[in-house]
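Input: a single structure, listed below in structure tokens.
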Amino acid sequence: TAEEHSAKFLGSGDIEVLSTPSMILFMEETCRILCDEKLPKELTTVGVRVDVKHLKAAPIGVDIDVICKLREVEGKKLIFEVEAYWGDLKIGEGIHERFIVNRERFLSKLRDLLRLKT
16 TAEEHSAKFL
26 GSGDIEVLST
36 PSMILFMEET
46 CRILCDEKLP
56 KELTTVGVRV
66 DVKHLKAAPI
76 GVDIDVICKL
86 REVEGKKLIF
96 EVEAYWGDLK
106 IGEGIHERFI
116 VNRERFLSKL
126 RDLLRLKT
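If you read the sequence shown in this note's numbering, its first letter stands for residue 16, the second for the next number, and so on.
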């Protein structure tokens, strides 16, 4: 972890510890990397749900390990169990959901929506 992962830096708290948003980012990133390794290049995943408990504090400057396990597949929705560890201490756990999308179609729909809103 680095200073930019601290609660103080992000404004989610006022002390130099791993922030909850950063822990969630690490969890999402781990799941995304796992998906990227398995999907064809034209597909990607987007995060659609996070339900996480931040169980213990971790200081800045330590390594955080994340374990993600694919628990369920519902069509294009992927449901992961996630856990974050500082050494052998579990600091977070929860559920993260991602949705498989065609990269170009997703971006095209977003551009169309942007045009409608402006």
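The C-beta atom is built at its ideal place from N, Cα and C for all residues, glycine as well.
Nearest in C-alpha terms to I79, of all of I106, S27 and T133, is I106. DSSP assignment within the segment 17-58 yields the following whole alpha helix (DSSP H) runs of 4 residues or more, N-terminal first: 22-25 and 35-53. The Cβ neighbour count for R113, taken over all protein chains shown within 10 Å, is at least 16; the residue is labelled buried. Of the candidates E52, F41 and C46, the residue whose Cα lies closest to the Cα of K84 is C46.
Across the set P55, F95 and S21, the C-alpha of P55 shows the shortest separation from the C-alpha of V116. In this structure, L128 keeps its C-beta atom at 9 Å or more from the C-beta atom of P74.
The beta carbons of K71 and L104 sit closer together than 9 Å. Apart from the 5 residues on each side of it in sequence, E96 sits with its Cβ closer than 6 Å to the Cβ of K84 and R86 in its chain, given in chain order. Nearest in C-alpha terms to R64, of all of G76, L40, K53 and I82, is L40.
Nearest to I94 by C-alpha distance, out of A22, M42 and L125, is M42.
Residue pairing by DSSP places E108 opposite K68 and E98 in a beta bridge.
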